[in-house]
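For the sequence shown, the tail end lands on 90 under this note's numbering, and the numbers increase by one without skipping.
Every residue gets a Cβ at the ideal spot worked out from N, C-alpha and C, and that includes glycine.
All values reported here derive from a predicted model rather than from experimental measurement.
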Amino acid sequence: MTDKGPFSNSKKPSYSHVAWKLWIADKIRTIREEKGCCISMLSLLSSLEEEYLHRVETAEIGPSSAALTKISMALGVPRSTFDTPQDFLAEE
């Protein structure tokens, strides 16, 4: 038995999780740009680190629910703006 290190028991992310991270990253970036807000300003308004926001917008990580609330407040949009649509990943 080989030891693969600390990640040997980790599961690969599911397709739906990866798709969600890409969807939420695009949604945040689009709204931020529509509002004329840069990541630095969003960081100040949301009290979230710039690096964290950058990683969210590049879909490297998915934001927590609390972070989405802070982002929505900072951008002046309802929190529900970032709720995953009912038909997300629905097969046509």
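With DSSP collapsed to three states, give me the class of Ser45.
Locating residue 45 in the sequence shown gives position 47, counting from the first residue. Of the three classes helix, strand and coil, the one that applies to Ser45 here is coil, per DSSP.
I believe Leu40 touches Arg30 by the beta-carbon criterion, under 8 Å. Please report the beta-carbon distance rounded to the nearest angstrom.
On the sequence shown, residue 40 is found 42 positions in, with the first residue counted as 1. On the sequence shown, residue 30 is found 32 positions in, with the first residue counted as 1. Sure, about 6 Å apart at Cβ, within 8 Å.
Would Met71 count as contacting chain E if we go by Cβ distances under 8 Å?
Of the protein chains in the structure, only one exists, and it is not chain E.
In three-state DSSP terms, what is Ile22?
Walking along the sequence shown from the start, residue 22 turns up at place 24. If DSSP states are grouped into helix, strand and coil, Ile22 belongs with the helices.
First and last residue of the alpha helix (DSSP H) that includes Ala57?
Counted from its first residue, the sequence shown places residue 57 at position 59. Counting along the chain, Ala57 falls outside any alpha helix (DSSP H), and DSSP gives it neither H nor E.
Using three-state DSSP, classify Met(-1) as helix, strand or coil.
Indexing the sequence shown from 1 puts residue -1 at position 1. The pLDDT assigned to Met(-1) is 43, lower than 50, so where the model puts this residue is not dependable; a value taken from the coordinates is nonetheless given after this. It is coil, neither helix nor strand.
With Thr67 as the anchor, note down where its alpha helix (DSSP H) starts and where it stops.
The residue given as residue 67 occupies position 69 in the sequence shown. From DSSP, the alpha helix (DSSP H) with Thr67 extends over Ser63 to Leu73.
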